[in-house]
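Structure first, commentary second.
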Amino acid sequence: MHTGRFAPSPSGRMHLGNVYAALMSWLYARAQGGRWLVRIEDLDTMRCPRHFADEIIDDLHWLGLDSDGEILYQSERADIYLDAFNMLKSKGLVYDCFCSRADLRASSAPHSSDGTPIYPGTCRLLTPEQKSELLKTRRPSQRVHLPDEFSEFNDLTYGVQRCNLLRDCGDFVVRRADGVFAYQLAVTVDDALSGVTEVVRGCDLMPSAHLQIFLYKQLGYNVPDFRHLPLLTAPDGRRLSKRDDDANISALRATHTPNQVLGIIMHAAGRCPEGAELSLDDCLQLVVDDCKNK
Ligand code: GLU
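The sequence shown begins at -14 in the working numbering and counts up one residue at a time.
Below, the structure is given as structure tokens:
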């Protein structure tokens, strides 16, 4: 069955950009006769107290967006990620990395399209002696070694996306030094096991899709479709951020109806005139055409 999802990281209240991702993923799921799931990406439990997740779920409900299945919490799924991690390990794809953030910042490695340094592979080349020396004083994170090969997928909004995995993305962390599994692994395992067929989210996550597709294939899962969304901007062209109070859902809820908020989002996305009030059904009419030429 066609399955979409919204996977917020509950490190605060949602802003309009998050609500846009939630709304569009719901609309594309419904427009294709599918179901829609919510998953709470609270791997980093220190940054994600439970009340933020509760508020996000309540804000979604206020807008009429309710999960069609059980809401998963990534903080409760470490055993499941461990199985996938062990499978990657048994394939010889995982290695220990002792580099700190400061080491990485200080390196002259090139940066990827999203501004993060491309890992130069330093720790892949450690000898067993160097490694046991480092293990005395540092706990390593674990990285997946990527092949020097091209990855390609057809994004449903932006068309063909292509990059060289090793050179443009670089070996990435699957488990942090504190033992917490990293976003790329958890999101892939969860989307696959929940039967997600279309991932709809902001285009800031486009580079991650290449890494996730690599993991889908290595773990023997079906690769879903990806539909990345242009990022919403404020009327003056700035990218909306959590700092904008006018874009914070709690401020909007205090002074607007759900249909007014839906109108504000669809207007910011260039899909309706300013001041429109839209029901979820009205919004659905605006996206059904997008799905016809899929
Ligand atoms: N949890 C991520 C975020 O809130 C989104 C992950 C995804 O949609 O793949 O930015």
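Backbone N, C-alpha and C fix where the C-beta goes; we use that ideal spot for every residue, glycine too.
Secondary structure in the region 131 to 194: the alpha helix (DSSP H) runs of 4 residues or longer, each lying completely within the stretch, are 168 to 178 in chain order. For residue 167, the CB stays at least 7 Å from every heavy atom of ligand 1.
The beta-bridge partner set that DSSP reports for residue 0 consists of 233.
Spanning the alpha carbons of residue 247 and residue -8 requires a straight line of approximately 19 Å.
Per the DSSP secondary-structure output, residue 82 pairs in a beta bridge with 126. Going by C-alpha positions, residue 185 is about 9 Å away from residue 14. DSSP places residue 267 in the uninterrupted alpha helix (DSSP H) bounded by 265 to 277. Counting the other CB atoms within 10 Å of its CB gives residue 122 a total below 16, which places it among the exposed residues. With 16 or more other Cβ atoms from the protein chains shown falling within 10 Å of its own Cβ, residue 176 counts as buried. A contact is defined here as three or more CB-CB pairs under 8 Å, and the region 25 to 39 meets this definition with respect to the region 57 to 68.
With a cutoff of 7 Å, residue 113 does not count as near ligand 1, since its C-beta is closer than that to no heavy atom of the ligand. In terms of Cα proximity to residue 139, the closest of 68, 209, 237 and -5 is 209. When Cβ pairs closer than 8 Å are counted between the two stretches, the region 130 to 147 is seen not to touch the region 110 to 121, the count staying below three.
When DSSP states are grouped into helix, strand and coil, residue 240 belongs to the helix group. In the three-state DSSP reduction, residue 23 falls in the strand class (E or B). For residue 44, the enclosing alpha helix (DSSP H) begins and ends at 35 to 48. Exclusion of the five residues before and after residue 6 leaves 186 and 187 as the residues of its chain whose Cβ lies within less than 6 Å of its Cβ. In this structure, the C-beta of residue 12 stays at least 7 Å away from each heavy atom of ligand 1. Of the candidates 193, 180 and 146, 193 places its Cα closest to the Cα of residue 156.
Take the alpha-carbon of residue 239 and the one of residue 43: they are about 14 Å apart. In the DSSP annotation of this structure, the continuous segment of the beta strand (DSSP E) that includes residue 210 starts and ends at 210 to 214. Judged by DSSP secondary structure, residue -10 falls within the beta strand (DSSP E) whose first and last residues are -12 to -9. Between residue 1 and residue 204 the beta-carbon gap is near 34 Å, outside 8 Å, which marks them as no contact. No Cβ-Cβ contact shorter than 8 Å links residue 49 with residue 20.
Ranked by Cα distance from residue 128, the options 165, 147 and 148 are led by 165.
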